[in-house]
Every structure is written in structure tokens, then in C-alpha cells.
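Engineer:
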Amino acid sequence: MFEPVIGLEVHVQLDTKTKAFCGCATQFGAAANINTCPVCLGLPGSLPVLNKKIFEYAIKVALALNCTINENTKFDRKNYFYPDLPKNYQISQYDLPISENGFIAIKENKIRIKRVHIEEDAGKLIHEKEYSLVDFNRTGTPLLEIVTEPDITSALDAQEYLKELKSILEYLGVSTCDMEKGFLRCDANISLRPKGDTALGVKTEVKNMNSFKAVRQALEYETERQVAVLKDNGKIIQETRLWDEKKQCTISMRSKEEAQDYRYFPDPDLPLFTISKESIESAKKVLPQLPIEKRKRFISEFNLSEYDAGIIVSSLRMSNYFEECLNFLQEPKKIANWLIGSVSEELNKRCLDIAQIKLKPEDLVGLIKLVESNTINNLTAKQVLTFMLDTDKTAQEIIKEKNLAQISDEESLKRIAQEVIDSNQKSVDDFKSGKENALMFLVGQVMRATKGKANPKIVRTILENLIKET
Ligand SMILES: [Zn+2]
């Protein structure tokens, strides 16, 4: 039996207005090469000046990830040639990163963080059929690289770690973590070893995974691939492999570089930086409540299940929305059910985040209250929610306009129920002979006749009574 040993490297783009070492804007999607200057284009004689915001963000992240912050930190040049790297080196951090030795706790597991360091991003290559274009707008935008120890032992745990890390970064407000825009990217190192062994096997690095799901799938694939090689008495080659989303497999790209290949050396244009105790202390004071604490609070204060709290807290905006709803209705469990259920369903369908819809917390609560007061049933409420999101109207307005109020008036329901009984004699007999399902069928028929507007509980009682009378 083999077990995978996984370490992850996450690059996250810091949400600063300007780049790491010059005053160019970091704006995404701008016309190609608009946001460039002699510094980020690496022109001779230009000098980098560190953006102060980056230390502020990096310290926050280091604290949230339980890291030690190094008093002295410096920048190094990582040398390599690539067309989207005009200086032929990347400013990064080598032996004195801003912080080291932290961890993220996920349930009972602690995933150790080896280091968090600052570096600048490269530009982007756009490959056309017969040529390639280069856009330097991204060159020099600030990144944090967050590296774990090889503490992860399954593809699923890797996915859980990434979800938690993303939540933490969003809570800190240091990055939008938009994976589609490449603001959060993940590379993985994976090796196998016989279960119980402590020595590490030869690892491969997997790149090009654009979603958490892709990370999980790629690692699942790579685990299986390595198991097959080892079982066949083959050797794993240390190399970089690319995840091919379409073919759902990893493909060998190149043999992996070692650190010495990059000829790291201290950047002579940037001084050694000292991080004062005061700046760490003042960062501690403004640290927001982090997901792990918020989850605990939601469980103890609102009596949510671990599962519900986990889902709601994983998004800062969802958890804020949830708490705003509570100002209008003190029913945490009901609100959680709505948010996790129908609201999330609608958001997924529309590819939107809760912050991007106009549905106000008080309006969602208004809808929930109408269900509670039996004005509409759950089924209708789901339709009303769709209309609310489409039109920005309140639940009350939509129900009135579309005549969706539940029919609870017994006389008209009795009349419809009798018609259903008369035309479904077989089901009535089945029910009489003990088949419970037959009653559900009859309830369904009444619901259909009322276009889903009947109160199913009342319908059930009416049907039972009418059948008893016959
Ligand atoms: Zn610039």
C-alpha cells in the first residue's frame, strides 16, 4: 500500500493598487502593455522602490498562518530567461523570507507552512497560431508564495487546505483570490511512499491547475499514475508535469530545476529590511476574526451544525450576509438552510457571488417569513426567489402580481380534493388497503390542480377525512 505525500505552493496576487516595485497600476484586463514603466520593463538604470502596502499585507498573512515573522528580510534575484520576464531575473526572497514556520489547522490536522515570501509576477504570453505576443502589464505585480511542508496525504485534503487558505486570505482582505483571473494559483509536489514509511520518495511537480477541483483531480490522477509505475518496479522521474484538463491527465513538461540552477543572489538595488515589533503588534490589533474562530462562534452562538457553519463561513461575504439576516429574523438554522440551499443554487446557476446580487438580507428574510406564516409553500417560495433575483421586486409584490399565495381556504380545497378522489378511485382503494404512497399521489394531484399553490399539509388532512367518509 502506498500513500501520497503532497506539498503545495500557492501564489496569490496581493490586492494593491500599484505594482511591487514601481508606481504602475495593477489593474486587470487593461489594454496590453499600458501599465508599464522603465522599472517593470527592466530598462537599464531604473531602480526598484518597494510598495509599503506589501509588507502590511504579508505581515497579516504571516500572523493568520501562525508564522514567525523574520526581523530582517531581504530580496534576492532569481535568474532565468523567459520572454515575459524582461529583466531576466525575478525579484523574490531566498534565505531570508518575510516569514516561516506556521500552520493551518484543518479539523484535527495541522498542515505546516514552511515559508511565506514576497515576489513579483512575470508578464503574460499570448500564443497565436504563428507567433506569440507578450503583455507586460502583469510584470512586477506583487505575489505572496505560500509553501507547505509535505504534510498532506490525500488529494481531498489538498483541496480542503486550499479552500481554508483562500478563506483566510479573503477574510484578511489581502487578495480577491479570483482563480479565473489567475490571482490564486497552485502548484503541487507529490511523491509516494509505502504506508508507514517516513522517508520521502521521488516527487513530481504538477502545474497548470485552474480550480480546486482541478487540483484534486490532478493529484488523484498523479497518485494513480505513480502507483502504477512503482508496482511495475519502474522509477519515478523528478520532473514537472502539466495537468491537461480536457484529457484529465498529467503530461511530462520538463525535468525539474534545482534551486542552484537559478543562481540566487541578494538584489543589490534593494536594502535589507527590518520589521519592527511595533508594526507586528499593530497588525495583530486589526486582525479580523478568522474563519476557524468564526466557525466555532457560529456553532456555539447560533447552534449551527459543523457542516452548515463550514459552508457559510468559507465565504466572508456569505457569512456577513447570514449575520445581517439575523438582524431581521432570529432563526439561524432556517436562514442557513436557505442560504446553503436555494440561494446558493441560484448563485451557482448565475455564476454570481452573494455580494453581486441585489437581494437584500431583509428581503430574503421577508420571503422566509411568508413561508413561515403559510402564505406560500416551500415550492412556491423557490420560484418567488428566482423572480426576486430576476426583477429586484420583493416577495410580497411578486406573490400579488403572479397570484401565488397559497390556497389554505378549506372549502375550495375540499372541492378540488373531491374531484381528485372521484377520478382516481384506484388510488383511493390502494390507500384504503394500506398503501401510504397512494395518498401522496392524491396529494400530488391536488397540488397539480392548484398549480402548486395549495398547502400540502391541509390537503393531506382533507383527503384523509374525505376518504374516511366514503
Ligand atoms: Zn512599472
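In this text, residue positions in the sequence shown follow the numbering used here: the first is -12, and each later residue adds one. Every residue gets a Cβ at the ideal spot worked out from N, C-alpha and C, and that includes glycine.
Going by Cα to Cα distance, which pick from E167, I85, G353, L450 is closest to S399?
Structural biologist: Counting from one through the sequence shown, the residue named residue 399 turns up at place 412. Looking at the Cα atoms, L450 is the closest of the given residues.
Engineer: My guess is that A142 and L206 are in contact by the Cβ rule of under 8 Å, so how many angstroms apart are they, rounded?
Structural biologist: Here residue 142 refers to the residue found at position 155 when the sequence shown is read from its first residue. Here residue 206 refers to the residue found at position 219 when the sequence shown is read from its first residue. Indeed, because the Cβ distance is near 4 Å, the residues count as touching under 8 Å.
Engineer: What three-state label does DSSP hand K150 in the structure shown?
Structural biologist: Residue numbering aside, residue 150 sits at position 163 when the sequence shown is read from its first letter. If DSSP states are grouped into helix, strand and coil, K150 belongs with the helices.
Engineer: Shortest alpha-carbon distance to A17 belongs to which of G110, Q225, F90?
Structural biologist: By 1-based counting over the sequence shown, the position of residue 17 is 30. Ranking the options by Cα distance to A17, first place goes to G110.
Engineer: Taking the CB atoms as reference points, tell me whether L257 and M240 lie closer together than 9 Å.
Structural biologist: Along the sequence shown, one-based indexing puts residue 257 at 270. Along the sequence shown, one-based indexing puts residue 240 at 253. Their beta carbons are not under 9 Å apart, which means L257 does not touch M240 by this criterion.
Engineer: Only counting the same chain, and skipping five residues up and downstream in sequence, which positions put a Cβ closer than 7 Å to that of E311?
Structural biologist: On the sequence shown, residue 311 is found 324 positions in, with the first residue counted as 1. So the qualifying residues of the chain are P348.
Engineer: Unbroken beta strand (DSSP E) runs of length 3 or more, entirely within the stretch 227 to 294: which are they?
Structural biologist: Listed in chain order, the complete beta strand (DSSP E) runs (minimum 3 residues) inside the stretch 227 to 294 are 236 to 242.
Engineer: Using the Cα positions of S395 and L372, report the straight-line distance between them to the nearest angstrom.
Structural biologist: Indexing the sequence shown from 1 puts residue 395 at position 408. Indexing the sequence shown from 1 puts residue 372 at position 385. So the alpha carbons of these two residues sit roughly 21 Å apart.
Engineer: Below 8 Å, can you find three or more Cβ-Cβ pairs linking the stretch 329 to 338 to the stretch 361 to 381?
Structural biologist: Segments in contact, yes.
Engineer: Look at the Cβ atom of N290, then the Cβ atom of K321, and state whether they are nearer than 9 Å.
Structural biologist: If you number the sequence shown from 1, residue 290 lands on position 303. If you number the sequence shown from 1, residue 321 lands on position 334. Taking 9 Å as the Cβ cut-off, N290 and K321 do not qualify as a contacting pair.
Engineer: Between the stretch 88 to 101 and the stretch 145 to 162, do three or more beta carbon pairs fall short of 8 Å?
Structural biologist: Cβ pair count under 8 Å is three or more, so yes.
Engineer: What do you reckon, is the C-beta of G32 under 8 Å from a heavy atom of ligand 3?
Structural biologist: Within the structure as shown, ligand 3 is missing, the only ligands being ligand 1.
Engineer: Check whether the Cβ atoms of S86 and H104 sit closer than 9 Å, and answer yes or no.
Structural biologist: If you number the sequence shown from 1, residue 86 lands on position 99. If you number the sequence shown from 1, residue 104 lands on position 117. Yes.
Engineer: Less than 8 Å between the CB atoms is what I'm expecting for F260 and R64, so what's the real figure, rounded?
Structural biologist: Position 273 of the sequence shown, counted from the start, is the residue given in the question as residue 260. Position 77 of the sequence shown, counted from the start, is the residue given in the question as residue 64. With 8 Å as the limit, F260 and R64 do not qualify as a contact, their Cβ atoms being about 16 Å apart.
Engineer: Helix, strand or coil for I186? Go by DSSP, reduced to three states.
Structural biologist: Counting from 1 along the sequence shown, the entry for residue 186 is found at position 199. Strictly speaking, residue 186 in this sequence is Ala, with Ile absent from that position. It is coil, neither helix nor strand.
Engineer: So, helix, strand or coil for D63, using DSSP?
Structural biologist: Locating residue 63 in the sequence shown gives position 76, where the first residue counts as 1. Note: D63 maps to strand in three-state DSSP.
Engineer: In three-state terms, what does DSSP make of C54?
Structural biologist: If you number the sequence shown from 1, residue 54 lands on position 67. Coil at C54, not helix or strand.
Engineer: What number of angstroms, rounded off, separates the C-alpha of P443 from the C-alpha of L346?
Structural biologist: Translated into positions along the sequence shown, residue 443 becomes position 456. Translated into positions along the sequence shown, residue 346 becomes position 359. Straight-line Cα distance between these residues: approximately 28 Å.
Engineer: So which residues touch the region around ligand 1, with touch meaning a C-beta under 6 Å from any heavy atom?
Structural biologist: So the residues near ligand 1 by this Cβ test are K6, C9, C11, T23, C24, V26, C27, G127.
Engineer: What do you reckon, are the CB atoms on L(-5) and T135 nearer than 9 Å?
Structural biologist: Here residue -5 corresponds to residue number 8 of the sequence shown, with the count starting at 1. Here residue 135 corresponds to residue number 148 of the sequence shown, with the count starting at 1. Cβ atoms of L(-5) and T135: closer than 9 Å.
Engineer: For V26, name the three-state secondary structure that DSSP assigns.
Structural biologist: For the purposes of this step, residue 26 is taken as the residue at position 39 of the sequence shown. Coil.
Engineer: Where I299 and T191 are concerned, what is the direct C-alpha to C-alpha distance, given to the nearest angstrom?
Structural biologist: By 1-based counting over the sequence shown, the position of residue 299 is 312. By 1-based counting over the sequence shown, the position of residue 191 is 204. Whole-angstrom Cα-Cα distance: 35 Å.
Engineer: DSSP state of S465, grouped into three classes?
Structural biologist: Residue 465 lies beyond the residue range present for the chain, which begins at -12 and ends at 457; the question has no answer from this structure.
Engineer: Going by C-alpha to C-alpha distance, which of L130, I133, D144 sits closest to K97?
Structural biologist: On the sequence shown, residue 97 is found 110 positions in, with the first residue counted as 1. Checked all of L130, I133, D144; the closest Cα to K97 is D144.
Engineer: Would you call the CB atoms of N22 and A12 closer than 9 Å?
Structural biologist: Along the sequence shown, one-based indexing puts residue 22 at 35. Along the sequence shown, one-based indexing puts residue 12 at 25. In this structure, A12 lies closer than 9 Å to N22 by Cβ.
Engineer: Give me the Cα-Cα distance between K283 and K182, rounded to the nearest whole angstrom.
Structural biologist: The residue you call residue 283 lines up with position 296 of the sequence shown. The residue you call residue 182 lines up with position 195 of the sequence shown. Cα to Cα, the separation comes out at about 33 Å.
Engineer: As a quick exercise: from L429, K401, G421, pick the residue whose alpha carbon is nearest that of Q412.
Structural biologist: Stepping through the sequence shown from its first residue, residue 412 is reached at position 425. With distances taken between Cα atoms, Q412 lies closest to L429.
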